Amino acid sequence: MIFDKPLKMLVLSLTGRCNFACKYCYAEAHPQDMMSLDTAVQAVDLAAASGEPFILQFSGGEPLMAYDLMQKIIHYVRQRGIRAIMQVQTNASLLSRERVSYLRKAKVGIGISLDGRPKINDQLRCLPNGKGTSCQIVRGAGYLAALGVEIGITCVIANENVNHLAGIVEMAHYLGNVRRIGFDLLRGQGRGEMMPPPPAEAVAVGLLEAFQTAEKLARFTGRTMLISQLERVEKLACGRVSKGFGHCHAMNGEAAFVDARGRIYACSSLVGDEDFRLGDVSEGIDKARQQAVMELIQNSMAFCLECPDFTLCGGGCFSRWYGSGCIDKAYEAECALKKVCIQWYQQHRETSI
1 MIFDKPLKML VLSLTGRCNF ACKYCYAEAH PQDMMSLDTA VQAVDLAAAS
51 GEPFILQFSG GEPLMAYDLM QKIIHYVRQR GIRAIMQVQT NASLLSRERV
101 SYLRKAKVGI GISLDGRPKI NDQLRCLPNG KGTSCQIVRG AGYLAALGVE
151 IGITCVIANE NVNHLAGIVE MAHYLGNVRR IGFDLLRGQG RGEMMPPPPA
201 EAVAVGLLEA FQTAEKLARF TGRTMLISQL ERVEKLACGR VSKGFGHCHA
251 MNGEAAFVDA RGRIYACSSL VGDEDFRLGD VSEGIDKARQ QAVMELIQNS
301 MAFCLECPDF TLCGGGCFSR WYGSGCIDKA YEAECALKKV CIQWYQQHRE
351 TSI
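If you read the sequence shown in full-length UniProt numbering, its first letter stands for residue 1, the second for the next number, and so on.
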């Protein structure tokens with residue numbers, strides 16, 4: 001049975017394979033298969049059935065390891081006039097001038113992952129042989145910069161880099177084509193299962209230093225670096241996004257993550273857990289299952305509603321703590337992140353980043 005609420009986000013895990021071996025990778029627990037074109041087309045058709053625009057994100061593993069498949073999906077979307085806003089989140093190592101040129105012409109937004117200055121990044125984001133990845137990431141970002149492609153950076157906050165978050169802001173300015181930085185907390189899944197979350201106090205201090213660095217560099221260079229978490233607070237404050245848990249498409253039944261085998265889940269962080277499986281691409285999303293998953297997540301996060309910061313926070317991330325052995329610490333770290341963002345916005349609302 002197809003759920004009648006339009007999807008706002010479709011994430012395709014083109015492959016579970018990756019040429020990196022990041023220390024915390026939660027996707028390491030995903031199937032290592034390669035998605036077929038037929039599976040991808042069925043998933044896209046499912047999201048496009050409503051006729052409403054939606055975000056189509058290519059994910060993995062490392063999605064550029066399935067570059068030929070990605071091209072075929074992009075061609076299908078354009079040929080059919082499907083209203084998809086396409087994005088790819090990549091480690092940047094497999095980018096080339098030719099690939100960047102193609103993605104730019106195809107109007108595919110590009111985000112890369114980087115966790116700090118080279119010495120710090122290489123502790124977390126490494127190759128299977130243990131060597132660092134910073135040179136490959138910077139080279140890929142250079143191809144993007146050379147063709148005038150603005151990008152976003154995602155930085156995962158872990159114990160190794162929590163005291164050096166200002167470094168990611170400095171790296172973003174060094175690269176020259178970074179428009180936005182998003183900070184994501186370590187998830188206790190996949191390889192990250194054995195890694196304890198960073199202390200809440202360190203998260204608060206590290207983020208504050210990052211925001212101060214961004215503000216200082218904006219004054220010196222005239223280039224404003226957007227911070228995703230601060231943008232979210234501002235949107236909530238100004239009513240530009242739905243109040244409550246509106247930022248979480250999985251919680252509102254508006255997201256679908258499709259793994260390489262065509263199985264549909266509510267969120268990329270919940271892949272493999274049958275409790276959060278919504279169906280598969282051949283039969284569609286089961287309405288009853290989706291409703292049950294929505295209610296489970298909403299009920300699990302109901303405690304957020306009692307917090308005085310909820311209006312500007314939007315609530316926590318269910319998948320971040322689900323299945324973690326450090327639930328309390330995971331809550332504390334995320335709450336610290338949200339509180340720092342709210343406080344910064346309230347103090348700088350006229351000149352918010």
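Glycine included, every Cβ here is placed at the ideal spot set by N, Cα and C. All values derive from a computational prediction rather than experimental measurement.
Of all alpha-carbon atoms in Arg-117, Ile-297 and Gly-262, the one lying nearest the alpha-carbon of Cys-317 is that of Ile-297. Shortest Cα-Cα distance from Ala-336 to any of Tyr-174, Ile-82 and Pro-197 involves Pro-197. Remark: C-beta atoms of Ala-66 and Met-35 approach each other more closely than 8 Å.
Gln-32 and Ser-300 have their C-alpha atoms spaced approximately 30 Å apart. When the beta-carbon positions are compared, Ala-260 and Ala-250 stay at least 8 Å from each other.
Scanning the stretch 243 to 278 for uninterrupted alpha helix (DSSP H) segments of 4 residues or longer gives nothing; none is fully contained.
Excluding five sequence positions before and after Thr-90, the CB atoms of its chain that fall closer than 8 Å to its own CB belong to Glu-62, Pro-63, Leu-64, Ile-110, Gly-111, Ile-112, Ser-113 and Gly-140, given in chain order. DSSP, reduced to helix, strand and coil, places Arg-349 outside both helices and strands of the structure shown, so it counts as coil. Here the stretch 153 to 163 does not lie against the stretch 97 to 109, with fewer than 3 beta-carbon pairs under 8 Å apart.
Between Ile-168 and Cys-155, the C-beta spacing is below 8 Å. Beta-bridge analysis with DSSP links Ile-55 to Met-9 and Ile-85. Across the structure, Leu-217 and Leu-226 are spaced so that their CA atoms are roughly 12 Å apart.
In the structure shown, Met-301 falls within a coil segment according to DSSP collapsed to helix, strand and coil. For Cys-155, there is no enclosing alpha helix (DSSP H); the enclosing beta strand (DSSP E) has its first and last residue at 151 to 157.
In this structure Thr-15 touches Gly-60 by the C-beta definition: roughly 5 Å separates them, less than 8 Å. Here Thr-221 is exposed. Its C-beta has fewer than 16 other C-beta atoms within 10 Å. Sorting Val-88, Leu-127 and Ala-92 by C-alpha distance to the C-alpha of Val-108 places Val-88 at the top.
One alpha carbon belongs to Arg-125, the other to Cys-341, and they sit about 26 Å apart. Here Leu-37 is exposed: its Cβ has fewer than 16 other Cβ atoms, across all protein chains shown, within 10 Å. Each of Met-9, Glu-334 and Asn-129 was checked against the Cα of Asp-45, and the nearest Cα belongs to Met-9.
In the same chain as Leu-208, and ignoring 5 residues on each side of it, the C-beta atoms closer than 8 Å to its own belong to Val-340 and Trp-344, in chain order. If the five residues before and after Glu-334 are omitted, its C-beta is found closer than 7 Å to the C-beta atoms of Leu-185, Gly-316, Cys-317 and Arg-320, all from its own chain and listed in chain order. Distance from the CA of Pro-118 to the CA of Ala-292, rounded to the nearest whole angstrom, comes to 44 Å.
Spanning the alpha carbons of Asn-252 and Lys-5 requires a straight line of approximately 10 Å.
Assignment of Phe-183 by DSSP, reduced to helix, strand and coil, places it in the strand class.
Per DSSP, reduced to three states, the secondary structure at Cys-317 is coil, with no helix or strand assignment. The DSSP assignment places complete beta strand (DSSP E) segments of no fewer than 3 residues inside the stretch 103 to 170 at 109 to 113 and 151 to 157, in order along the chain.
Between Tyr-26 and Gln-189, the gap from beta carbon to beta carbon is short of 8 Å.
With fewer than 16 other CB atoms across the displayed protein chains lying within 10 angstroms of its CB, Leu-305 is exposed.
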